[in-house]
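**Q** Sharing a structure, written as structure tokens. Questions coming.
There are 2 protein chains.
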Amino acid sequence: MGPILCVGALTMDTIFRLERLPEQPGKVIPLDAVEVAEGMAAAQAATIVRLGGEAALWASAGDDGIGDRLVAQISEDGVDTSRVRRVAGARSGFSSILMDQTGSTIIVPRYAAAITSPPDAVPDLAGVAAVMADVRWPAAARLALAAAKAAGIPAILDADMAAADVLRDLVAEATHIVASESAARLITGADAPEAAAWRLADEYGVFVAVTAGAHGCWWTESGGIRHTPAPEVEAIDTLAAGDVFHAGFAVGLTEGWPMQRIIAFASAAAAIKCTRFGGRLGAPTRAEVEAFIAA
Amino acid sequence: MGPILCVGALTMDTIFRLERLPEQPGKVIPLDAVEVAEGMAAAQAATIVRLGGEAALWASAGDDGIGDRLVAQISEDGVDTSRVRRVAGARSGFSSILMDQTGSTIIVPRYAAAITSPPDAVPDLAGVAAVMADVRWPAAARLALAAAKAAGIPAILDADMAAADVLRDLVAEATHIVASESAARLITGADAPEAAAWRLADEYGVFVAVTAGAHGCWWTESGGIRHTPAPEVEAIDTLAAGDVFHAGFAVGLTEGWPMQRIIAFASAAAAIKCTRFGGRLGAPTRAEVEAFIAA
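What follows is the structure, given as structure tokens:
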């Protein structure tokens, strides 16, 4: 089975763990700090590898030093980065994230618009098992999802918050919509995740899951909606938890598991991640997820 | 004339300019952002070059990717970095800085203690015009200041806040003490900068300047204390303003100017810096300082 091609964001996050978030000027000594290449698609790709799958990344970076480090770090984690686009003269995306011990964050992201200019062409999908796209590089996501559908492989959309027209454009291209609660609400106008899942399934006629963090996940099966609760954990860092869920989902889907097992696996992987500091660096291995589910 | 050898801090700062500092969790989109190799000694060295002088850096970094970028960036700015020590297995220092439009900051620094372990030996001072040390790598500062005194060249101490015993140890080695108001108060117990300057001059018998930001600078001459006011500017970023003052001081001193001109030059350079975003990247050229003084 070939790689899952993840399409979208690639940014350098510096995450500081603090006793508490600052509320006024001054110096704050962190309990811990890491610099980690992530962004949704990149975090998903690296986590797919950790979960025992195969992943490739189609993302866009500048041709600066940060871009070099982004590609090097994701490559070291076993992801095929040969499709990553480097934009001449552009700055790569980066952000600083201050996080308290309960996982509350202040996020200061710096993205240059040049990074997300439309791509020239969609990468060759020969041998690719599935495409999973986030909403941060819309023109590329649209091309890749459409090409996946045409190739008869899963076209998974990570529908997180973005402009409503971007979201509506992309959901129409997906064979599997895995949406955050807030994005599902924005697209459908329905407040409750269950109702939003209904409306998405009704309008687009494809598989839909709506994730609601600690409240679990609503997903469609045989014309109905099922709910899978999130495992109860003491969350200290929810950063990239959604990406870990998506990675688990894509791994299970391409391995042909029943949907109930896929959602349980993705939910457990995300729950474990929430107990560990460091954004996507806290993602579990497949063995850890299986042990967690068994326990 | 040879280079001024700057001894001490070298860290990677990521500075975000924000409309206002965050007071609660959430996402904050910055007005601007830069990643800049600085730290006191490194910022001083790079600014000396910009002010028309020659500079070398003796600092300590890890052998990680951040260390590579620190050395590369300071080298590109014209500083001789051949003396920079790389500590095997250690992480380089870095920090994230959130700054509002009036220059108020939240600073989150991450330094590894291994970086500031004592050096094996003091670098060869042959051809060096002066040594200027900050307080962030105390063992190296002590060696370098003592070697400078022995070699008959200026041994300038940038006495900024540090543990009181570190400060007392280092001021005893300097031929020129340029102290911040708060450090001068810590060493001497005197609240007012003028009184602290008196006590330092009295105890150590060397040239003393005490800087007090927008309140100007008190300095010793012919057994008396003089005050030079800070030029009035609209400050938007005071980060590294002290380093720019020190750089101007060292340039003037090694060029043999009268002290009044040195202090006026350093004060003007620091004032210009305060009007520009980006830490030490806002340091002026010599021509800019001279035009500012003439105007």
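Protein sequence lines correspond, in order, to chains A and B. Numbering (the numbering used here) for the first sequence: 1 to 295. Numbering (the numbering used here) for the second sequence: 1001 to 1295. From the three backbone atoms N, C-alpha and C, an ideal C-beta is built for every residue, glycine too. Quantities reported herein were computed from a predicted structural model and do not represent experimental measurements.
Quick one: measure Cβ to Cβ for G279(A) and D13(A), integer angstroms, because I've assumed they're closer than 8 Å.
**A** The C-beta distance from G279(A) to D13(A) rounds to 6 Å, short enough to fall under 8 Å.
**Q** Counting contacts by CB-CB distance shorter than 8 Å, is A61(A) in contact with chain B?
**A** no
**Q** I'd like the span of the alpha helix (DSSP H) that includes W1198(B), first residue to last.
**A** P1193 to Y1204
**Q** With 16 other CB atoms within 10 Å as the buried threshold, where does P1231(B) fall?
**A** buried
**Q** Hey, D1243(B) and F1277(B): beta-carbon distance below 8 Å or not?
**A** no
**Q** Would F292(A) and A266(A) qualify as a contact pair, given that the criterion is a beta-carbon distance under 8 Å?
**A** no
**Q** Should R110(A) and P1030(B) be called a contact, given that it needs their Cβ atoms to be closer than 8 Å?
**A** yes
**Q** Which same chain residues, not among the five before or five after A9(A), have their C-beta less than 6 Å away from its C-beta?
**A** In chain order, G39, M40, A41, D134 and R136 place their CB closer than 6 Å to the CB of A9(A), counting only its own chain and leaving out the 5 sequence neighbours on each side.
**Q** Taking 8 Å as the cut-off, decide whether the C-beta atoms of L57(A) and T81(A) are in contact.
**A** yes
**Q** Would you say F277(A) lies against chain B (beta-carbon separation less than 8 Å)?
**A** no
**Q** Just checking, does the stretch 148-161 of chain A make contact with the stretch 68-87 of chain A on the three C-beta pairs under 8 Å criterion?
**A** no
**Q** On the criterion of 16 or more Cβ atoms from any shown chain inside 10 Å, does A76(A) qualify as buried, or is it exposed?
**A** A small fix is needed here, since residue 76(A) is Glu in this sequence, not Ala. So E76(A) counts as exposed.
**Q** So, with DSSP's three-state summary, where would you put V1135(B)?
**A** coil
**Q** Would you verify that the beta carbon of R1069(B) is, or is not, closer than 8 Å to some beta carbon of chain A?
**A** yes
**Q** Looking at the unbroken alpha helix (DSSP H) that takes in V1251(B), where does it start and where does it end?
**A** A1241 to T1254
**Q** Contact between the stretch 1092-1102 of chain B and the stretch 1020-1034 of chain B is defined here as three or more beta-carbon pairs at a separation below 8 Å; is this criterion met?
**A** yes
**Q** Considering only residues of the same chain and omitting the five flanking positions on each side of V1079(B), which have a CB-CB separation below 7 Å?
**A** A1045, A1046, V1049, A1055, A1056 and L1057
**Q** Of all the CB atoms in chain B, is at least one closer than 8 Å to the CB of L98(A)?
**A** yes
**Q** With a threshold of 7 Å on Cβ separation, who are the neighbours of V34(A) within its own chain once the five nearest residues in sequence on each side are excluded?
**A** I15, G278 and L281
**Q** For the beta strand (DSSP E) containing T188(A), list its first residue and its last residue.
**A** Taken as a continuous stretch (DSSP letters only), T188(A) belongs to no beta strand (DSSP E), being part of the alpha helix (DSSP H) at E181 to T188.
**Q** Go through its chain and collect everything with a Cβ distance to W1218(B)'s Cβ below 6 Å, but skip five positions before and after it.
**A** P1193, E1194, A1197, V1210, I1225 and H1227
**Q** Taking only beta-carbon atoms, is T1304(B) less than 8 Å away from chain A?
**A** The structure shown has nothing for residue 1304(B), since chain B only spans 1001 to 1295.
**Q** At the level of alpha carbons, what is the spacing between G1176(B) and P284(A)?
**A** The sequence given here has His at residue 1176(B), not Gly. So the alpha carbons of these two residues sit roughly 56 Å apart.
**Q** Consult DSSP for F966(B) and reduce its assignment to one of helix, strand or coil.
**A** Coverage of chain B is limited to positions 1001 through 1295, which leaves residue 966(B) absent and any answer about it impossible.
**Q** Please confirm if I1089(B) has its CB atom under 8 Å from at least one CB of chain A.
**A** It should be pointed out that residue 1089(B) corresponds to Gly in this sequence rather than to Ile. So no, G1089(B) is outside the interface.
**Q** For A1148(B) and V1171(B), I'd like the C-alpha separation in whole angstroms.
**A** 14 Å
**Q** List the residues of chain B that I107(A) touches, going by C-beta distances under 8 Å, in chain order.
**A** G1026, K1027 and V1028
**Q** So, are the CB atoms of A1090(B) and I1115(B) less than 8 Å apart?
**A** yes
**Q** Taking the CB atoms as reference points, tell me whether A1129(B) and G1216(B) lie closer together than 8 Å.
**A** A1129(B) places its beta carbon 8 Å or farther from that of G1216(B).
**Q** Taking A104(A) as the query, report the chain B residues whose CB atoms sit under 7 Å from its CB, ordered along the chain.
**A** Note that residue 104(A) corresponds to Ser in the displayed sequence, not to Ala. For S104(A), the neighbours in chain B by C-beta distance under 7 Å run, in chain order, P1025.
**Q** Answer with buried or exposed for P1123(B), where buried requires no fewer than 16 other C-beta atoms within 10 angstroms of its C-beta.
**A** buried
**Q** Beta-carbon of L10(A) versus every beta-carbon of chain B: anything under 8 Å?
**A** No, its Cβ sits nowhere closer than 8 Å to a Cβ of chain B.
**Q** Would T1275(B) pass as a contact of A1214(B) if the rule is Cβ separation under 8 Å?
**A** no
**Q** Quick one, which of G26(A), P229(A), V28(A) and G93(A) has its alpha-carbon nearest A37(A)'s?
**A** G93(A)
**Q** With 8 Å as the threshold, decide whether the Cβ of R110(A) is near any Cβ in chain B.
**A** yes
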